[in-house]
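Below: the structure, in structure tokens.
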Amino acid sequence: MEFYESLSASLQGAVSQVASRIAEFLPNILGAIGLLLLGWLIARLLRGLAVKAMHVLELLLHRLSRSPTPRTLPSGSVDVVGGILFWLVLLFFAAAATHVLGMGAFSSWLQGLVTYLPTLMAGALIIIAGVLLAGLARDLTVAALSAFPEHQRALLGRIVQGAVLVTAVAVGADQIGVRITFLVIVAAVVMSAIVGGIALAVSLGSRAYVANLIGAHHLRQAFGMGQRVRIGEIEGTILEITAVSIVLETGEGRVTMPAKVYNEAPIVLIAPKASDG
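Taking our numbering, I'd label the letters of the sequence shown as residues 23 to 299.
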């Protein structure tokens, strides 16, 4: 009988001690739960604001871009930005909750992670912004080079896009803390060689275009519509002088000649237009 009484007293003491410890620790538990709930609400709110901000950026890019098709942000990019912001805020409140609970080691680990996350997020945002600006730079380049053939404009646009993207990735990686000095040097050398080759090719390829522009200017000053001329072995009436060519009406039909012929072949005025007679 005494054994049962002693066991009962021991159990009551243990239960009382556990209850007192729980009662003593309960405010900390409730505070930690409250912090987690508050962090979850704030994280959801900030994620929604980030998604709206990305859509506003999409609208601004569409207005700045000269492309006829609307520019839309990849849905994955929007989700990544929103998710990073959501978990960043949630981890911050989780670190605060573990500190309230007295979990020192876990709290220190979370605080270190939270301290590094802004740097990681800044690098990710730089890369995402670089992707968007690279697309915008490509569209602006293609629109600015309207005088070039379509394939050349597309090629130059892709090169500009790649240069902006590589720069953004390098800056973002450096922000995160990745040491890519050697890769940056190699990329810079390769990009310089490519840009130099393209510049040389464009300058050589545009010589004929510039020569036609100059020739058309002099043709307009020297001749008029309706005059009959002979250029080399071709004789006809001037129908039109465009920005880069001269159009003659001959006995065999219309002949279009590059305007640079003004500087390359003699032009004989056979008869002025009827109104000059």
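Beta carbons: idealized from backbone N, C-alpha and C, even for Gly.
- Our two residues, VAL164 and GLY179, have alpha carbons roughly 6 Å apart in a direct line.
- When C-alpha distances from GLY105 are compared across ARG250, VAL277, PHE245, ALA65, the shortest belongs to ALA65.
- Annotation: the continuous beta strand (DSSP E) that includes LEU270 extends over 267-272.
- Under a 10 Å Cβ-count criterion, TYR138 is classified as exposed, with fewer than 16 other Cβ atoms of the shown protein chains found around its own Cβ.
- Excluding its 5 nearest sequence neighbours in each direction, VAL290 has C-beta neighbours in its own chain below 7 Å: VAL251, ARG252, listed in chain order.
- Within the same chain, and ignoring the five residues on either side of THR141 in sequence, the residues whose Cβ sits closer than 8 Å to its Cβ are GLN197, ILE198, GLY199.
- DSSP places THR264 outside both helix and strand once states are collapsed to three, so it counts as coil.
- For GLY275, the enclosing beta strand (DSSP E) begins and ends at 275-280.
- Around the Cβ of PHE47, a 10 Å sphere holds fewer than 16 other Cβ atoms; the residue is exposed.
- Taking C-beta atoms as the reference points, ARG69 and LEU107 count as a pair closer than 8 Å.
- CA-to-CA, the gap between THR120 and VAL102 works out to about 26 Å.
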